[in-house]
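Numbering (this note's numbering), first residue to last: 24 to 301.
Okay, structure first, notes after.
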Amino acid sequence: MGRSVIRIAVALLVGYLLVVLVLAGCQRGMVYFPMNAPEDRLRAAAADAGMAVWEGPDGATTGWRTAAESPAGAPVFVVFHGNAGFALHRVYFAEGLRTAVENGPPDVRIFEYPGYGARGGRPSEDVIKAAALDALDPLFAAAEGPVFLVGESLGTGVAAYVAGQRPDDVAGLLLVTPFTSLVDVGRHHYRFLPVGWLLRERFPSDEALRGYRGPVAFVVAEHDEVVPTELGVRLYEAYEGPKRLWKHVGAGHNTMDYNPSAPWWREVTDFLLGHGGE
């Protein structure tokens, strides 16, 4: 009996370790879900949506920007999207932000991650963060108006990182369904795994925001089944700069109210512009 118990325990331990090793090896495939499309097809879709190419200093596509002219000195909003699809799937951010700002529509740009859309490369935390700074540094230097960063889900980790690295250049943040870190999200979903030891893609927003003191608007979903609501609330509570929290009552992670006429767009932009300059 004793030997049988030992054999069973050893077999379970070996099976557990194999599961851990498999998950460790394929974790990026569990974090990133890019969709791809040819450049010409994306340009046509962008034009239909009132967007144009946002080119980097090297002429390559960095993402997409609103095609309609913004007045001189208008605020710039740069959107970092979630982990699935590609940038043009988030045109609703451009629609909501341009409808909400009264004194002339802002310049809204949606950043494309490497490996998404028609952009080459493979996504990882280090690659995305480096690409974000490469795109934003020239924009910070050239922008006539304040530059605000918008993050959605995974993109909140990117926005928080850039703000922590360039606190004097970022006028404010809008974080939609944010988290403290991907480690905390992983621990919620995989309680039986040593996530803190395994996970390489960490996006520690809580650490990044310690280096930032500008205004931050936090928007959470009441019934978020992907990013636990309490992680966004915890991030909000820990932040020491100007802040405000919005909760979409009854909403899940993918059922937020992004209608351009929704009141929260105006409330968020009024808060950010009031603290971060116009």
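We treat Cβ as the ideally placed atom computed from N, Cα and C, and that holds for glycine.
All values reported here derive from a predicted model rather than from experimental measurement.
| Query | Result |
| --- | --- |
| Whole angstroms is fine: what's the gap from Trp288's alpha carbon to Pro238's? | 15 Å |
| Measure the C-alpha to C-alpha separation of Ala182 and Gly86 and round it to an integer number of angstroms. | 15 Å |
| Could you give the DSSP three-state label for Val199: helix, strand or coil? | strand |
| The beta strand (DSSP E) with Gly178 in it runs from where to where? | Note, Gly178: premise wrong, no beta strand (DSSP E); alpha helix (DSSP H) at 177-188. |
| Who are Arg64's beta bridge partners in DSSP? | According to DSSP, which records beta bridges pairwise, Arg64 is partnered with nothing at all. |
| Could you pull the start and end residues of the alpha helix (DSSP H) that Ala155 belongs to? | 148-165 |
| According to DSSP, simplified to helix, strand and coil, what is Arg145? | coil |
| Give the range of the alpha helix (DSSP H) segment to which Gly237 is assigned. | No alpha helix (DSSP H) contains Gly237, which DSSP labels as neither H nor E. |
| When you compare only the Cα positions, how much space is there between Phe109 and Gln188? | 25 Å |
| For Leu295, which of Lys270, Asp280, Gly264, Asn277 has the nearest alpha-carbon? | Gly264 |
| For the alpha helix (DSSP H) holding His212, just list the boundary residues, first then last. | 205-212 |
| What does a CB cutoff of less than 6 Å around Phe100 pick up in its chain, not counting 5 residues either side in sequence? | Leu120, Pro129, Val131, Phe171, Val173 |
| Looking at the structure shown, is Gly297 part of a helix, part of a strand, or coil, going by DSSP? | helix |
| Below 8 Å CB to CB, which residues in the same chain sit around His276 once its five sequence neighbours on both sides are set aside? | Ser176, Thr200, Ala244, Asp247, Glu248, Val249, Val250 |
| Do three or more CB pairs link the region 253-269 to the region 222-237 at distances below 8 Å? | yes |
| Which residues does DSSP pair with Ala302 in a beta bridge? | Residue 302 lies beyond the range of the chain shown here (24 to 301); nothing can be said about it. |
| Determine the extent of the alpha helix (DSSP H) in which Phe116 is found, giving its start and end residues. | 114-123 |
| Is the region 160-170 close to the region 88-102, with three or more CB pairs under 8 Å? | yes |
| Considering only residues of the same chain and omitting the five flanking positions on each side of Tyr39, which have a CB-CB separation below 6 Å? | The predicted model places Tyr39 with a pLDDT of 43, which falls under 50 and marks its position as unreliable; any figure quoted below should be read in that light. For Tyr39, where only same-chain residues beyond five positions count, there are no Cβ hits under 6 Å. |
| What is the DSSP secondary structure of Leu268, reduced to helix, strand or coil? | strand |
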